[in-house]
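In my numbering, the protein residues as written are 108 to 202.
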């Protein structure tokens with residue numbers, strides 16, 4: 108199994124973002140909702156949400172546990188943009 112990309116990344120709370128992770132496994136592509144717990148410009152934790160039924164929850168959770176450092180490095184460049192997008196949304200709501 109391999110996490111190939113993220114889509115639909117967006118802030119859901121001040122220190123939380125969510126998005127879909129695209130996984131390749133056994134020549135098939137699966138999507139899983141991922142929750143990213145942020146602090147400053149770092150990702151502190153990653154949790155699994157809903158996912159395609161073609162892949163087991165255990166397999167995805169095991170992958171996230173084994174590759175958490177790698178995934179945090181992949182998401183780190185996106186954090187600044189996510190935070191800026193979140194600020195812009197707050198500004199629009201305040202008007």
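Where a beta carbon is used, it is the ideal one built from N, C-alpha and C, also for glycine. Bear in mind that the values here come from a model prediction, so they are computed numbers and not experimental data.
Alpha carbon to alpha carbon, what distance is there between residue 202 and residue 181? 34 Å
In its own chain, which residues sit with a C-beta less than 8 Å from the C-beta of residue 166, not counting the 5 before and 5 after it? 108 and 132
By Cβ distance, which residues of its chain are closer than 8 Å to residue 149, with the 5 residues on each side in sequence left out? 179, 183 and 186
Relative to the alpha-carbon of residue 152, which residue among 140, 123, 161 and 112 has its alpha-carbon at the smallest distance? 123
Since I believe residue 156 is in contact with residue 168 (beta carbons under 8 Å), could you give me their beta-carbon distance rounded to a whole number of angstroms? That belief does not hold up - the Cβ atoms of residue 168 and residue 156 are roughly 11 Å apart, past 8 Å.
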